[in-house]
Amino acid sequence: MTTLAHRNGHPATAGELAPLAFAGYAHFTAMQVRGGRVRGLDLHLERLRSASAELFGRAVPDDRVRSFLRTALEAGPADVSLTATMYAAPGGSAPGEDAEPDVLVRTRPPATGPEGPLALATVEYERVLPAVKHVGEVAKTYFMRRAIRDGFDDAAFVDRRGRLTEATIWNLAFWDGDAVVWPDAPMLVGTTMGIVRRRLERMGVPQRVQEVTPADVPSLSGAVVMNSWTPGIAVHRIGPAPVPEAPRFVDLLHQAYEAEPLTEP
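Heads up, the sequence shown is in my numbering, so the first residue is 42 and it goes up one at a time.
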């Protein structure tokens, strides 16, 4: 299939899409749709609401967003990758807070992510507005490309306090042999991360949030990256430090994710 784009519930024209190449004031959420349904829809809607309130001072009502998602899904196959972007109309440097953002919904072929295990370079970098999944982040792609050039698969970020925060397009999660360890640092809390955390809690799997630094990596029993593609891809190296294989950890994350029901928009 080809990429399909809808703006505010209608097929987007070339004239509507062209100015977006020069627009950078926007945020989005990405999801994998299977059989016309998605996991964690409530988390995606909450992400769009809170980020719109932060960037625009106003959010598109959930029922309208869901109708736009349904319209886009009806135009394509049942299994797709879907991205919903809230953006300000190009042309203004300071969008007014009384303006409701436009909604662009794109669908593409479904994705599952790389197989792994992955080696992550460490880079000192902090995203602006880390709690918002916003666009225009050239640094993420730049650091990913640089990591690949240096023999890694991707990059993990370290903040000014020396804490591991997240990876370029991923959340990080660690394993101490008994419990799942989530980094304590400013970051984007992913929807897949939210799904996994609430399902692990129901499964009775211990979890904790703590600061993790590159110096802590040798003492860990496992590590993964996760995003909308997958609840867990094994990581076997972070910087120079090897990370042990942890198949039980990876299996737990996948079990937790799969326990989340699929729902229709």
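We treat Cβ as the ideally placed atom computed from N, Cα and C, and that holds for glycine. Quick caveat, the model's predicted, so the values are computed rather than measured.
Could you tell me which of the options sits nearest to residue i, measuring between CA atoms?
i      : options                        : result
Phe184 : Lys174, Arg168, Val173, Ala172 : Arg168
Leu114 : Glu95, Gly76, Ala140, Leu96    : Gly76
Phe69  : His277, Asp195, Tyr166, Val176 : Val176
Arg147 : Ala256, His47, Arg249          : His47
Glu178 : Asn49, His51, Gly65            : Gly65
Pro288 : Gly117, Val276, Leu229         : Val276
Val173 : Glu87, Pro255, Ser108          : Glu87
Using a 10 Å radius around the Cβ and a threshold of 16 neighbouring Cβ atoms, would you call residue i buried or exposed?
i      : result
Pro155 : exposed
Glu299 : exposed
Leu302 : As written in the sequence, residue 302 is Pro, which differs from the Leu given in the question. Exposed, by the Cβ-count rule.
Pro150 : exposed
Asp292 : exposed
Ile189 : exposed
Met267 : buried
With respect to the alpha helix (DSSP H) encompassing residue i, which residues constitute its N-terminal and C-terminal limits?
i      : result
Ser91  : 82-97
Ala113 : 103-115
Pro306 : Element bounds for Pro306: n/a, residue is neither H nor E.
Ala275 : Here Ala275 belongs to no alpha helix (DSSP H); instead the beta strand (DSSP E) covers 271-279.
Taking the beta strand (DSSP E) that residue i belongs to, which residues open and close that run?
i      : result
Arg147 : 143-149
Arg78  : That residue, Arg78, is in no beta strand (DSSP E); it is neither H nor E in DSSP.
Using 8 Å for Cβ pairs, my map puts residue i next to residue j. What's the rounded Cβ distance?
i      : j      : result
Val222 : Leu241 : Rounded, the Cβ-Cβ distance is 12 Å, inconsistent with contact.
Ala125 : Leu161 : With a Cβ gap of about 28 Å, Ala125 and Leu161 do not count as contacting.
Pro142 : Val106 : About 11 Å separates the two Cβ atoms, so there is no contact after all.
Phe111 : Pro247 : The amino acid at residue 111 is misidentified as Phe; the sequence shows Arg. The Cβ separation is near 39 Å, so there is no contact.
Ile274 : Gly157 : 4 Å
Every unbroken alpha helix (DSSP H) within the segment 141-225, with a cutoff of 4 residues, ordered by chain: Segments of the alpha helix (DSSP H) lying fully in the segment 141-225: 179-190.
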